[in-house]
Structures are given as C-alpha cells and as structure tokens.
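Contents: one structure, followed by commentary.
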Amino acid sequence: MVFAAAVALSIPAFVSACAPPTTNDSTSSPSASAPSGSASGSASAALSDKVIRVGWKSDIDTLNPLTTTTTEAIEVQSLIYDTLLAYGTDLKEEPGLASSVKREGNTITYTLRDGVTWHDGTPFTADDVVYTFDLIGKNQLGINAQYFTNYVSAKAVSPTEVQVTFKQPQAFDPGLVVPILPKHIWSKLSIDQMKKFPNENPIGTGPYTFKERKQGQVVAVSRNPKWWGTLPAAGGISWTVFTNDDIEAQALKNGEIDIIPQVPPTVFDGMQGDNTITTQELPSFSFHHIGMNVSADPKSKGNPLLKDKAVRQALGYAFDREQVVQLAYAGHASAGGSILPPAFGDYYWEPSASEAINNNLDKANALLDQAGYTTKDGDGIRQTKDGKPLEFRIIAIDSTTTDVRTAQLFQETAKKAGIKLDFSTVDSDTMDSTVYNTEAPDWDMFVWGWDSGTNDPSYLLGVPLTSQIGGNNDVFYSNKEYDDLYAQQAVELDPAKRQALVKQMQQKFYDDSAYLVAVYLKKLQAYRTDTWTGWVPADGGIIFNFTRDNYLKAVPAS
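Our numbering applies: residue 35 is where the sequence shown begins, and numbers increase by one.
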C-alpha cells in the first residue's frame, strides 16, 4: 500500500482539528452504549467509552475497498470490513469471518460463522462471499486482483460453506486480504459506478462502524456492539491528520493523541527519556523509493528518455543510498535495493557488489557516454544527439520530510552525472491524482513508499505487474517475463522453488531500474503510557500494519 501523506491545511484549519472531534469518548454513537453481553459479541475486558486517538501525517484516499491504494485507507477499512481470515499480532493466520479453512488441491473451502450481521442489520451470508470473490476475480478489480489470476469460481456449497476454485493450487490464500462486501449494497452498482463510488457511509461486518470523516482532518469509527468477536475495549478510534512533525509530536506529549504510527527520525530521537511516552523501533515490510514514469502509452506526458534503461541505471549509479540513510533518516533505516525488504527472510534477494546499481559515479558517467548522451553546451547537462537534455521533474509530498530530503540529495548527486532534476513538492491528494492518472500521466519521477499488505512476498511483487496498471502499479512498468515469473511463483507450493522464482523476479525488476529503492524503513512508533496499555510490538508495527489486533486488544490504562 502506498504511503500517503498529509493534505496541506491552513494553520487555523489544522488547529481546529488538532484534537479529534471525538475527544475522549464515543457516546455520540449508539454503538458505544451497548452492554458487554451483546447478542453477537462478547467482551473479555471492560468496555470503555474512551477513544484510541491516532495521529498521522496522512489522509485516506477513499473508503472504497475496490479503489484504494493507500495504507491509511486500508488501516481504517480493516476495522470496518472483515476478511475471511486475519493476522494476529504474531503475524500468523487466525480465523476471521471464516471459523475454519480447508485447502485441497485447486480449492479452498471456508466454513463461515453463524449469526453475523452487517452494520445495517442485514444478515451476512455465503452469498456475500461468493459475490465479493466473483466481483474481484471476474472483473480484476482493485489491488487484490493480483491474487485472482488463476481464479475460476466461488460457490456456496451450504449456507455456511464457500468453496473457491482456482486453475492451480495457490501459494497465498486471498482470504487473508480481501474485505468481504455486502452484496445487497454493491450489486446495485455497475462496474463503472463502483470505480467512482466514494462509499461515504461504508457498511461492513467489522468490529467498528463508520462514524465520520472530515477530509484532510479526521476519520473516526465507533465500536460495533453486535460484532461476532470479542468486543474491543475501545469505544472508538480516530485518526487525525497533522501537517507538521513538531505539532504532531507535541500533541502526543500534551495528551491530545495516544499513538503515532510513523514518527519522523529526528523527532523520534527527541522523544527518548520522556517517561510518559514509550518509543518502539521495529522491523518493517516497508520501503521508500524513487519511481520513474516508464509508461508506453502515447498519451503519457512523462519524459520519454526515462524509457531508456541506460538512463534509469545511470540514475541508480548516481544515487547514494547510504547518504540518504544518514542524512534523511538519521540512521533509522537501512540502504535499499530489492523491492522486497529483508524482513521477508528467505525470499529476500540482495545484489552482490558486482550487481549493485548504487553510488558509483564512474559507472553512471561511463554508461551515459556509451549510450551517446554527451555534454555540449558547457552547462554540464548531458543531451541526446538531437539536443534533448537529460532533465527530469521529480516530486515528493511536502509534509513527508524524509522524502523531501531524499529528493534533494538525489538532485545533488544526479547533477554530477550530468542529469538535471527539477524538484518540487505537492500535497498528498495531488501526488495520488498525479501519479495514478492512467489517462495521461504528467510526471517524470517521484519519491514515495510502499508498505506490504501481507508478510507473503506476493503483495509487493505484484505492484509492478502489467495487470496492476490502473491499480497499484505506480510507474506503469510492463514486462512479460516478470509477469510470467509472478504467475509461476503464485502456484509454486515448494518453498525452495518458490524462493528461487521470487529472487529471480527481484533481480529482474532491480536491473530494469524503474524503481530505485532508497531505504528499508524501520517502524518508528510512539505511544503514551497513561492512556492505553496492552500494545504488543510486532514486525511491521504495533498499528499501521496488516494486523488489526492491537486496536482490538488495547485496554484503558488504570
């Protein structure tokens, strides 16, 4: 999921949103007053009206699960919608809407829970699961479509059993990531309508119901008293957008928010020693990168010189990732390379010294010399034979200070290879609409990031698939060999053989250099010790992760 960043607000607008409108309670929502022994849910801890207040630098892009690309939106949606299976804080599989699952050959059979209802009171049925899987699988809709390449069908074999059939056995179970949608709502829309549907009042089966959204300021949810699982102690959750690192940190120190999922490195260092705040530096499944517009669409307004791999590789050789680690991240990251971070363990591929496309200006200049890009005008900027300069636009989100600094450092080193980068900043909404403009993408390069939606390599590997152009694919990369390797690993059940395919994919994408992965992030998180307890550290983060369990298990501090 792409990291978004905060929408730029005027200071007066920001100040009014500094403390979430939900304050410390959720009593304005009827779901907060439900008794702990509600008909569907049970409670293991005393229910509270208190709200978990999250502060982050980002606004969600949409509440529509079929069109979202940002981690922020998926974080919120994960509390509103349920999946068939889920991840615990140990990142292992656990039951969701399905109480059990059976995988046999080409089929996956889910046994569904009884007595589950949608937030509007409509009973949840097997037909909702069949509808959701068919909707994504047969129409290749959304970011989860990459898991449905071999999809054949889904059918309700009984009122509480759904059998999903694929052409071949699947290495990854999509039940872990696909939010189940209510058929009685979504079936009224055409596919074209769904792609434009804002879903302003989302109805799910999840532990929280939608309460409000003030664009660029706050999103809030309230506890669902009829949820099928153990009711969470928190009466609600709110996520407030901050546009300034220092103001966000001060809000945590002042008790206006409870937890920050992404603390900027320099701010993180400054929080050490505060006995009201606990900081965590955790491994992650995340990276930030420089993406290059390699669209082959004639309507693309990107500089076509970036379609030359020699130019992209030269930019890679001109890029000093260790410098970025030290100067942009204050050492709280590691130098990037492959599209999969080291947290993926045996699936991770690291280029050897001879394969590394990084911090070698001699190679950058030699590569451009060989490709015929020379300096002619005395300004040090290389040109093509017909006089077109190697000059590119690069954008970053204004409130993401690490990305801004990364772009500035890259601008300086690229110049030493005779490449001019014209740097500008944008707000998060502009970044999203600019980069994902499939009609006529009008940009050359960006600095942004990805957070994996699972601890399986398939999510991040699926980002640059041809089929994800219009979905997750943010650089319009298209390579049949890469696509074919993805299809092979998706059905390879032998771990060693799958690892070999996955590493081959990483090497291929790295060599093509449509991404220059700058850094692998460390999740820098901070929370107050006097408001909520029970936070469990996890690889990928306490929150802002593909497990939602910490939200569900946190309890008010005594």
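The C-beta atom is built at its ideal place from N, Cα and C for all residues, glycine as well.
- Note on Q249: under 16 other CB atoms within 10 angstroms of its CB, so exposed under the neighbour-count rule.
- Linking L527 to F321 through their CA atoms gives a straight-line distance of about 27 Å.
- Excluding sequence positions up to five before and after R532, its CB lies within less than 7 Å of the CB of A205, Q523 and E526, all in the same chain and listed in chain order.
- Sorting Q502, V85 and D490 by C-alpha distance to the C-alpha of N173 places Q502 at the top.
- Per DSSP, the continuous beta strand (DSSP E) segment holding R257 begins and ends at V252 to R257.
- One alpha carbon belongs to N489, the other to Y165, and they sit about 26 Å apart.
- Taking a cut-off of 8 Å for Cβ pairs, the stretch 537-550 and the stretch 502-521 touch, as three or more such pairs fall below it.
- The stretch 567-577 makes no contact with the stretch 219-229; the number of CB pairs closer than 8 Å stays below 3.
- Contact between D573 and L316 is confirmed by a C-beta separation of about 6 Å, below the 8 Å threshold.
- Residue state for E473 is assigned as coil, using DSSP reduced to three classes.
- Under DSSP, the beta-bridge partners assigned to K454 are E425.
- The alpha-carbon of K287 is positioned some 11 Å away from that of I294.
- Nearest to Y185 by alpha-carbon distance, out of T194, T199 and V191, is T199.
- Around the beta-carbon of P193, fewer than 16 other beta-carbon atoms lie within 10 Å, marking it exposed.
- Straight-line measurement puts the Cα of F158 at about 13 Å from the Cα of V196.
- Relative to N394, the option among T96, R355, V85 and Y381 whose CA is nearest is R355.
- With respect to G325, V481 sits close: the two C-beta atoms are nearer than 9 Å.
- Counted as a single uninterrupted DSSP element, the beta strand (DSSP E) harbouring S187 occupies residues Y185 to S192.
- Following the DSSP letters along the chain, one finds G270 inside the beta strand (DSSP E) bounded by residues G270 to V275.
- A362 and G483 have their C-alpha atoms some 14 Å from each other.
- In the pairwise beta carbon analysis, the stretch 412-425 is classified as touching the stretch 333-347: at least three pairs are separated by under 8 Å.
- The Cβ atoms of Q314 and P590 lie no closer than 9 Å to each other.
- Non-local beta-carbon contacts of V212 in its own chain, meaning distances under 8 Å to residues more than five positions away in sequence, involve T117, L118, T166, F167, I170, N178 and Y181 in chain order.
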